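There are 2 protein chains.
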Amino acid sequence: MIVNTPKPPYYAVIFSSMREEKDDGYEEMANEVLELASSQEGFLGMESARSEMGISVSYWDSLDSIKKWSENSRHAFAKQMGKEHFYEAFRTRISKVEKEY
Amino acid sequence: MIVNTPKPPYYAVIFSSMREEKDDGYEEMANEVLELASSQEGFLGMESARSEMGISVSYWDSLDSIKKWSENSRHAFAKQMGKEHFYEAFRTRISKVEKEY
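Those protein sequences? They're chains A and B, same order as listed. Residue 153 is where the first sequence ends in this note's numbering, and the numbering goes up by one at each step. Residue 153 is where the second sequence ends in this note's numbering, and the numbering goes up by one at each step.
See the structure below:
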């Protein structure tokens, strides 16, 4: 669902990935990470879509909230799993949303 | 495919949408718009995925390039079509990419 974000400025973490379809526990971990992110301070919501590639955009109130989330140990484990097992390629972009319409 | 963007800063236009699957000329117009965007000055690339919702992120070298693209008349027509026919809901966010890894 489209996230009902507040008036800018706020932050968006754009995570783009390529992965092969296989039953490797990815879905379970992705759901767990989303649930965990949702409980973090400053989390505003997440949008995700996957077809040939995957794009997930999470929205945050500040760079500080993003930093804290990036240091969460379960999140760090999931990132390591992603790097080693789930993704053929991925890129993370941290951006400041300046305008929304 | 994941876009091989340059070193930040640069800009990302995050376009999130909900639409019903139907044969209404959407795919043709989406392809035309992507091709047209690709020929614009300052366009760095686009990433797209669609499952329950659609997310397209286009990357640009400057706000000025985004502004020029937003004023392109064929693009304006496609946006009007999107508003009236293709999408149940959508949101556009203009953001400045500050960090990438």
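Each residue gets a CB set at the ideal place from its N, CA and C atoms; glycine is no exception. All of these numbers come straight from a predicted model, not from anything done at the bench.
- request: Indicate whether A:Tyr63 and B:Thr144 have their beta-carbon atoms separated by less than 7 Å.
  value: As a first step, residue 63 of chain A is located in the first sequence; it is residue number 11 there, counting from the start. As a first step, residue 144 of chain B is located in the second sequence; it is residue number 92 there, counting from the start. Contact check for A:Tyr63 against B:Thr144 fails: the beta carbons are separated by 7 Å or more.
field: Nonlocal neighbours in the same chain, by C-beta distance under 6 Å from A:Met70, ignoring five residues either side
entry: Within the first sequence, residue 70 of chain A is the residue found at index 18, counting from 1. Cβ neighbours of A:Met70 beyond the five flanking positions: Met105, Glu140 and Ala141.
task: Under the assumption that B:Trp121 contacts B:Leu96 (Cβ atoms under 8 Å), give the Cβ distance between them as a whole number of angstroms.
output: The residue labelled residue 121 of chain B in the question sits at position 69 within the second sequence. The residue labelled residue 96 of chain B in the question sits at position 44 within the second sequence. Actually they do not touch by this definition, with Cβ atoms about 12 Å apart.
task: Count the other C-beta atoms from every protein chain shown that fall within 10 angstroms of the C-beta of B:Ser125, then say buried if there are 16 or more, exposed otherwise.
output: By 1-based counting over the second sequence, the position of residue 125 of chain B is 73. Its Cβ having fewer than 16 others within 10 Å, B:Ser125 is exposed.
- prompt: Excluding the five sequence neighbours on either side, which residues of its own chain have a C-beta within less than 8 Å of the C-beta of B:Ile54, listed in chain order?
  reply: Within the second sequence, the letter at position 2 stands for residue 54 of chain B. Once the five neighbours on either side are set aside, the close Cβ partners of B:Ile54 are Glu99.
query: Would a C-beta distance cut-off of 7 Å place B:Val65 and B:Ala130 closer than the cut-off?
result: Here residue 65 of chain B is taken as the residue at index 13 of the second sequence, counted from 1. Here residue 130 of chain B is taken as the residue at index 78 of the second sequence, counted from 1. Here B:Val65 is not near B:Ala130, since their CB atoms are 7 Å or more apart.
query: How would you list, in chain order, the residues of chain B whose beta-carbon sits under 7 Å from the beta-carbon of A:Arg106?
result: The residue given as residue 106 of chain A occupies position 54 in the first sequence. The residue asked about is misnamed: residue 106 of chain A is Gly in this sequence, not Arg. Result: Ala101.
query: Just checking my contact of B:His127 with B:Asp76 at CB under 8 Å: how many whole Å lie between their CB atoms?
result: Along the second sequence, read from residue 1 onward, the residue named residue 127 of chain B stands at position 75. Along the second sequence, read from residue 1 onward, the residue named residue 76 of chain B stands at position 24. Contact doesn't hold; Cβ gap of about 18 Å is too wide.
field: Alpha carbon of B:Pro61 to alpha carbon of A:Ser68, nearest angstrom
entry: Counting from 1 along the second sequence, the entry for residue 61 of chain B is found at position 9. Counting from 1 along the first sequence, the entry for residue 68 of chain A is found at position 16. Just so you know, the alpha carbons of B:Pro61 and A:Ser68 end up roughly 18 Å apart.
field: Contact residues within the region 125-148 of chain A, judged by C-beta distance below 8 Å to chain B
entry: Listed by position, the residues of the region 125-148 of chain A near chain B (Cβ gap below 8 Å) are Ala141, Phe142, Arg143, Thr144, Arg145, Ile146, Ser147 and Lys148.
message: Please report the straight-line C-alpha distance between B:Glu80 and B:Met133, rounded to a whole angstrom.
response: Here residue 80 of chain B corresponds to residue number 28 of the second sequence, with the count starting at 1. Here residue 133 of chain B corresponds to residue number 81 of the second sequence, with the count starting at 1. Looking at the two C-alpha atoms, the distance is approximately 12 Å.
field: Cα-Cα separation between B:Asp116 and B:Asn56, rounded to whole angstroms
entry: Position 64 of the second sequence holds residue 116 of chain B. Position 4 of the second sequence holds residue 56 of chain B. One Cα belongs to B:Asp116, the other to B:Asn56, and the distance between them is close to 21 Å.
task: Could you check how far apart the C-beta atoms of A:Lys148 and B:Ser147 are, in whole angstroms? I think they sit under 8 Å.
output: Counted from its first residue, the first sequence places residue 148 of chain A at position 96. Counted from its first residue, the second sequence places residue 147 of chain B at position 95. The Cβ separation is near 6 Å, so the contact holds.
query: Counting contacts by CB-CB distance shorter than 7 Å, is A:Ala64 in contact with chain B?
result: Locating residue 64 of chain A in the first sequence gives position 12, counting from the first residue. A:Ala64 counts as touching chain B.
query: Quick one: is A:Ser90 near chain B, going by C-beta distance under 7 Å?
result: The residue you call residue 90 of chain A lines up with position 38 of the first sequence. A:Ser90 does not count as touching chain B.
- request: Output, in chain order, the set of chain A residues within a Cβ distance shorter than 7 Å of B:Ser68.
  value: Reading the second sequence from its first residue, position 16 is the one you call residue 68 of chain B. Ile54 and Glu99, listed in chain order.
message: With distance defined between alpha-carbon atoms, name the residue in B:Lys151, B:Lys135 and B:Ile118 nearest to B:Gly94.
response: Position 42 of the second sequence, counted from the first residue, corresponds to residue 94 of chain B. Residue B:Ile118 is the option with its Cα nearest to B:Gly94.
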